[in-house]
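Below is one structure, written out as structure tokens, with a few remarks after it.
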Amino acid sequence: MRSHAGRRLTGGLAMFGLVAWLVAFAMPQNAHAEYADIVINNYADAAGMRPAVFPHWFHRIRFRCKVCHADLGFKFKAGGNQITMAKIIEGQFCGACHNGEVSWSVENCDMCHSGIPGTPTHFHGSTVQRLIAPPYQGLDANKKLSK
Amino acid sequence: MVMERAKKKSSPLIASFLLVFAGGWGMQAQAETGSVFADKGIIVLAAEVSSVNTFNVNLKKVKDPNAPPAEDGLRDVENPATHVLQHPKEAYVGLPKTEFGNHVDWVKAIDDGLLKPRWEKTDPTAEPFVLDLDIVRPVKASVPDVVFPHRQHTEWLSCSNCHPAIFIPQKGANQISMSAILLGQKCGVCHGKVSFPITTKSCKKCHSKPKPADWKPPLSEATLKNPWK
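Here the protein sequences come in this chain order: A and B. Final position of the first sequence in my numbering is 149; the numbers increase by one with none missing. Final position of the second sequence in my numbering is 230; the numbers increase by one with none missing.
Right, dumping it as structure tokens:
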């Protein structure tokens, strides 16, 4: 014979377990943004803005790599261009197109500054990120560690 | 007393749910068991089985590779404009597919005339200077030799993007290794970041020229000079 209290305890635990199991599998394990999306957070967080997210896929549908990486002078390095809003409104970098002529203008802050605050500058889905062991840094790195 | 018996009867059920916990939340489940159920032998045994024994801990598979901006884990859902941004899946309708990267074959999309990205910022009629020149690079290991096609690259890039900063335009002047590429040098400046990534499924896109039929892998020095032979 089982008491009501015992049944309630069992049922409650079973329900809790089921809910917890569902939640654990429904929760996003990690970011799964588009391959080659870049988060740029050189200065944004410090200025009280969300980091900027650059979607490569959207831009490569419309432009060849050459337009930005040769004509506009974007270096092939995430966070390596020291882009600031001052440069953008002068017509450099993003400002070459995001000026209200080729594309929408800079007053639409949130379209780019859309990243989760605190996200560091990085290439999303890059091969280096997917390596299971961190890449070997060479003997110099070991020396620095031992100091 | 009755309560006690009821608890004991239900213990295998609780244990089974704790096992599910161990799979999902690992360490957290162990901590919970330790503090609450430590005095009930069977439960502790079930939950103490290490949570690392799952299949495969290091295999990172993305369930939805082309997630909408609001669900991509990078963008802030609190940001109003996040919900205005275009969904990649909508943009990719009708484009040829691949198994890696954005899951779009960008080169084929241009070749088939499905996409016509601009070559000049404001001139939609400007055409790229396409150089149809293949460079064959022999590879020491058993994988097929590398064929570098200038054509696909010059459809997207100008010469100055790669030459001379990344590749010296001279035969034999460039030392390239897969470890350098994986760390983002040489081909890895783009491949593995924007253009197709380095995975088991993409090896043969570059390593595409089969070795001659009589080719044998060179024996390593340690084998040739083996004193125990």
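Even for Gly, the Cβ is constructed at its ideal location relative to N, Cα and C. Note that the structure is a prediction, hence the values are computed from the model and not measured.
Q. Could you give the C-beta distance for A:F56 and A:I42, rounded to a whole number, given that I count them as a contact under 8 Å?
A. Taking the first sequence and counting its residues from 1, one reaches residue 56 of chain A at position 54. Taking the first sequence and counting its residues from 1, one reaches residue 42 of chain A at position 40. Right, the Cβ-Cβ distance comes to about 6 Å (below 8 Å), so this counts as a contact.
Q) Cβ of A:S116 within 8 Å of Cβ of B:R76? A) Working through the first sequence from its first residue, we reach residue 116 of chain A at position 114. Working through the second sequence from its first residue, we reach residue 76 of chain B at position 75. Their beta carbons are under 8 Å apart, which means A:S116 touches B:R76 by this criterion.
Q. Taking Cβ positions, are B:D65 and A:A35 nearer each other than 8 Å?
A. In the second sequence, the residue the question calls residue 65 of chain B occupies position 64. In the first sequence, the residue the question calls residue 35 of chain A occupies position 33. Going by C-beta atoms, B:D65 is not nearer than 8 Å to A:A35.
**Q.** Which listed residue (B:V53, B:Y93, B:V50) has its alpha carbon closest to that of B:P69
**A.** Indexing the second sequence from 1 puts residue 69 of chain B at position 68. The residue with the shortest Cα to Cα distance from B:P69 is B:Y93.
Q) Tell me the DSSP bridge mates of B:D146? A) Residue mapping note: residue 146 of chain B aligns to position 145 of the second sequence, counting from 1. Within the DSSP bridge table, the entry for B:D146 names B:K210 as partners.
Q) Can you tell me whether DSSP reads B:S180 as helix, strand or coil? A) Taking the first residue of the second sequence as position 1, residue 180 of chain B is located at position 179. Helix at B:S180.
Q) Is A:P57 helix, strand or coil by DSSP? A) The sequence position of residue 57 of chain A within the first sequence is 55, counting from 1. DSSP places A:P57 in strand when its eight states are reduced to three.
**Q.** Enclosing beta strand (DSSP E) for B:R76 [first to last residue]
**A.** In the second sequence, residue 76 of chain B corresponds to position 75, counting from 1. Here B:R76 belongs to no beta strand (DSSP E), and DSSP marks it neither H nor E.
Q: Could you spell out where the beta strand (DSSP E) holding A:I40 opens and where it closes?
A: To locate residue 40 of chain A, count along the first sequence from 1; it is residue 38. 39–42 is the extent of the beta strand (DSSP E) around A:I40.
Q | Contact belief for B:E156 with B:P129 at Cβ below 8 Å, rounded distance in angstroms | A | Start at 1 with the first residue of the second sequence, and residue 156 of chain B comes out as number 155. Start at 1 with the first residue of the second sequence, and residue 129 of chain B comes out as number 128. Confirmed, about 6 Å.
(Q) Which residues in chain A have a C-beta closer than 7 Å to the C-beta of B:W107? List them in chain order. (A) Numbered from 1 along the second sequence, position 106 holds the residue referred to as residue 107 of chain B. R62, listed in chain order.
(Q) Here's the rule: buried if 16 or more other CB atoms are within 10 angstroms of the residue's CB, otherwise exposed. What is A:H58? (A) In the first sequence, counting from the first residue as 1, residue 58 of chain A sits at position 56. Classified as buried, A:H58 has 16 or more neighbouring CB atoms from the shown chains inside 10 Å of its CB.
Q | Residues of its chain near B:V131, where Cβ-Cβ distance is below 7 Å and the 5 sequence neighbours each way are ignored | A | Reading the second sequence from its first residue, position 130 is the one you call residue 131 of chain B. A distance below 7 Å between beta-carbons, with the five flanking residues on each side excluded, links B:V131 to the following residues of its chain, in chain order: R152, T155, E156.
(Q) Assuming B:R152 is part of the beta strand (DSSP E), what are its boundary residues? (A) Translated into positions along the second sequence, residue 152 of chain B becomes position 151. For B:R152, no beta strand (DSSP E) segment is defined; the enclosing uninterrupted segment is the alpha helix (DSSP H) at 151–157.
**Q.** Any chain B beta carbon closer than 8 Å to A:D73
**A.** Numbered from 1 along the first sequence, position 71 holds the residue referred to as residue 73 of chain A. Taking Cβ atoms only, chain B reaches closer than 8 Å to A:D73, which makes this a yes.
Q) In angstroms, rounded to a whole number, what distance separates the CA positions of B:A166 and B:P150? A) The sequence position of residue 166 of chain B within the second sequence is 165, counting from 1. The sequence position of residue 150 of chain B within the second sequence is 149, counting from 1. In this model, B:A166 and B:P150 are separated by some 19 Å (Cα to Cα).
Q. Which residues share a DSSP beta bridge with B:H192?
A. Taking the second sequence and counting its residues from 1, the one referred to as residue 192 of chain B is at position 191. In the DSSP output, where bridge partners are listed per residue, B:H192 has B:S196.
Q. Which of the three DSSP states, helix, strand or coil, is assigned to B:N227?
A. The residue you call residue 227 of chain B lines up with position 226 of the second sequence. Under the three-state reduction of DSSP output, B:N227 falls in the coil class, being neither helix nor strand.
Q) For B:G193, is the classification buried or exposed, using 16 other Cβ atoms within 10 angstroms of its Cβ as the cut-off for buried? A) Residue 193 of chain B sits at position 192 when you count from the first residue of the second sequence. Counting other Cβ atoms within 10 Å of its Cβ, B:G193 reaches 16 or more and is therefore classed as buried.
Q: Mind listing the chain B neighbours of A:K68? Cutoff is C-beta to C-beta under 8 Å, in chain order.
A: For the purposes of this step, residue 68 of chain A is taken as the residue at position 66 of the first sequence. Result: W120, P129, W157, L158, S159, N162.
(Q) Give me, in chain order, the residues of the same chain whose beta-carbon lies closer than 8 Å to that of B:G185; leave out the 5 immediate sequence neighbours on both sides. (A) Position 184 of the second sequence holds residue 185 of chain B. Sequence-distant Cβ neighbours of B:G185 in its own chain, meaning closer than 8 Å and more than five residues away, are G193, K194.
**Q.** Residues, ordered as in the chain, of the region 172–196 of chain B that lie near chain A by beta-carbon distance below 9 Å
**A.** The residues in question are S180, I182, L183, L184, G185, G189, V190, C191, H192, G193, K194, V195, S196.
Q) Using a Cβ cut-off of 9 Å, which residues of the region 102–128 of chain A contact any Cβ in chain B, in chain order? A) Those would be E103, V104, N110, C111, D112, M113, C114, H115, S116, G117, I118, P119, T121, F125, H126, G127, S128, in chain order.
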